[in-house]
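Below is one structure, written out as structure tokens; comments come after it.
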Amino acid sequence: MILTVLPVLPPDLRPLVPLDGGRFATSDLNDLYRRVINRNNRLKRLLDLAAPDIIVRNEKRMLQEAVDALLDNGRRGRAITGSNKRPLKSLADMIKGKQGRFRQNLLGKRVDYSGRSVITVGPYLRLHQCGLPKKMALELFKPFIYGKLELPWPGHHHQSR
1 MILTVLPVLP
11 PDLRPLVPLD
21 GGRFATSDLN
31 DLYRRVINRN
41 NRLKRLLDLA
51 APDIIVRNEK
61 RMLQEAVDAL
71 LDNGRRGRAI
81 TGSNKRPLKS
91 LADMIKGKQG
101 RFRQNLLGKR
111 VDYSGRSVIT
121 VGPYLRLHQC
131 GLPKKMALEL
141 FKPFIYGKLE
151 LPWPGHHHQS
161 R
């Protein structure tokens with residue numbers, strides 16, 4: 001796969017965290033993006049200067065390594081580390097795992113009209129059918145059942161005096 005354009009996450013997803021003493025800690029992604037930008041600018045300058053082919057090839061390799069580290073740091077050998085010798089968190093690290101974006105923020109939300117049960121084989125069900133415990137079905141479909149029961153009697157909630 002060849003990328004001609006590199007997507008950049010919005011600043012809210014790579015925030016600056018305030019520290020004690022009025023300083024800020026930058027996101028690892030900001031450092032990885034900065035490395036890609038610096039490598040790309042350096043390669044562009046070398047091409048403008050008509051640098052020797054071996055130097056241009058070396059800079060292209062280093063740009064590729066910077067992009068690889070941004071997408072998935074550590075996948076191709078030694079991971080790029082920050083000033084504290086800790087491997088920088090790449091885009092893949094932000095997504096995967098229990099603390100990743102999907103499981104932490106997107107899948108961990110409560111959803112209406114859902115239930116949890118054990119799946120078993122139902123001998124009286126066809127292949128395209130799904131069985132549902134009666135108690136769960138009544139709870140899940142309660143708003144719809146009440147709505148259907150209220151339709152025939154439109155004035156049922158008005159009190160007569």
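For reference, each letter of the sequence shown is one residue, going 1 to 161 in full-length UniProt numbering.
Think of the CB as a built atom: it goes at the ideal place given N, C-alpha and C, for glycine as much as any other residue.
| Asked | Found |
| --- | --- |
| Could you say which of Leu-9, Glu-139, Ile-80, Arg-61 lies nearest to Ala-69 if we only look at CA atoms? | Ile-80 |
| Cβ atoms of Asp-28 and Leu-88: under 7 Å apart, would you say? | yes |
| Rounded to whole angstroms, how far is the Cβ of Ser-90 from the Cβ of Leu-32, which I believe are closer than 8 Å? | 6 Å |
| Whole angstroms is fine: what's the gap from Leu-43's alpha carbon to Ile-37's? | 10 Å |
| Compute the minimum distance between the beta carbon of Gly-21 and the heavy atoms of the ligand MG, and state whether it is under 6 Å. | In terms of ligand content, the structure shown is empty, and the ligand MG therefore cannot be addressed. |
| Could you pull out every residue in the same chain whose Cβ sits closer than 7 Å to the Cβ of Pro-15, ignoring the five residues on either side in sequence? | Ser-27 |
| What did DSSP end up calling residue 165 once you bin it into helix, strand or coil? | Here the chain covers residues 1 to 161 and nothing more, so residue 165 does not appear. |
| Identify the continuous alpha helix (DSSP H) that holds Phe-144 and give its terminal residues. | 142-150 |
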